[in-house]
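Structure, as structure tokens:
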Amino acid sequence: MVATARLALIGSVFGLLAIVLASCQTMSKEECAVADWHIVGETDGAAGRASDYILKHAKACQRVGIVPDQSAWLAGRETGLIRYCTPQNGVRIGTEGQSYANVCPPPLDSLFTHGYQLGKRVYDARARRDRAQNDISRKENERRELTASLG
20 MVATARLALI GSVFGLLAIV LASCQTMSKE ECAVADWHIV GETDGAAGRA SDYILKHAKA
80 CQRVGIVPDQ SAWLAGRETG LIRYCTPQNG VRIGTEGQSY ANVCPPPLDS LFTHGYQLGK
140 RVYDARARRD RAQNDISRKE NERRELTASL G
């Protein structure tokens with residue numbers, strides 16, 4: 020009985036480990052085999068990924084002997100960055116509290132950065148508001164406890 024439970028636990032641990040390790044890969048073996056590297060690069064650019072992100076794909080695809088087409092990926096990434104590097108997206112990224120990895124090319128960077136800074140101000144203001152609300156709640160609880168103890 021104990022041995023069965025131990026085997027089940029070990030199996031669960033190895034299963035979880037396999038899931039965690041698989042989640043570290045940017046692409047599955049199947050995705051590597053059929054990848055259109057221009058589209059992969061475009062997707063990565065639209066997500067604001069840095070130019071060295073292709074190294075993660077190379078590592079993931081090395082397991083199946085696939086080497087990414089770097090020039091196609093870079094061309095696709097440039098197309099994706101045009102979608103990423105907008106002032107509106109800068110506001111969204113900043114408002115969500117995400118960091119900006121300086122991936123936008125010079126003509127687009129200033130517009131994106133302006134939007135990002137506006138969004139970051141909103142994010143920071145909300146964070147200050149949340150901290151103030153937490154402080155108020157904590158002080159109200161302290162006041163209630165003190166009132167109850169004096170009661």
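Under my numbering, the first residue of the sequence shown carries the number 20, and numbering increases by one thereafter.
Even glycine gets a Cβ: it sits at the ideal position worked out from N, Cα and C.
Segment limits, alpha helix (DSSP H) that includes residue i
| i | result |
| --- | --- |
| Q117 | From DSSP, Q117 is part of no alpha helix (DSSP H); its letter is neither H nor E. |
| R96 | Q89 to Y103 |
| G67 | Per DSSP, G67 belongs to no alpha helix (DSSP H) and is neither H nor E. |
| S168 | P125 to L169 |
| I73 | I73 to Q81 |
| V53 | K48 to V53 |
Selected residue, minimal CA-CA separation from residue i, among the options
| i | options | result |
| --- | --- | --- |
| D178 | P106, G84 and A65 | Nothing about residue 178 can be read from this structure; the chain reaches only from 20 to 170. |
| E49 | Q81, L74 and Y72 | Q81 |
| G116 | D143, C104, T132 and P125 | D143 |
| D63 | E97, V53 and E164 | E97 |
| Q89 | S156, I73 and R140 | I73 |
| C104 | A146, P125 and R162 | P125 |
Beta-carbon separation (whole angstroms), residue i vs residue j, contact threshold 8 Å
| i | j | result |
| --- | --- | --- |
| P196 | A77 | Because the chain here runs from 20 to 170, residue 196 falls outside it and cannot be looked at. |
| G109 | G134 | 3 Å |
| G99 | E61 | 4 Å |
| V122 | A69 | 6 Å |
| R102 | A146 | That pair is no contact at about 28 Å. |
Own chain residues within Cβ distance below 7 Å of residue i, not counting five before or after
| i | result |
| --- | --- |
| C51 | A79, C80, V83 and I85 |
| S42 | For S42, the pLDDT reaches just 41, beneath the cut-off of 50, and the residue's location in the model is therefore unreliable, although a value from the coordinates is still provided. Closer than 7 Å at Cβ, skipping near neighbours: no residue. |
Same chain only: Cβ atoms within 6 Å of residue i, ignoring 5 sequence neighbours per side
| i | result |
| --- | --- |
| L130 | P106 |
| T45 | K75, H76 and A79 |
| W56 | P87, D88, A91 and W92 |
| V141 | T114 |
Close Cβ partners of residue i (< 8 Å) along its chain, the five nearest in sequence each way excluded
| i | result |
| --- | --- |
| Y119 | G67, G109, I112, G113, F131, T132 and Y135 |
| G138 | G109, V110, R111, I112, G113, T114 and E115 |
beta-carbon residue i near the ligand GDP non-hydrogen atom, thresh 6 Å
| i | result |
| --- | --- |
| A144 | Only the bare structure without any ligand can be found here, which leaves the ligand GDP out of the picture. |
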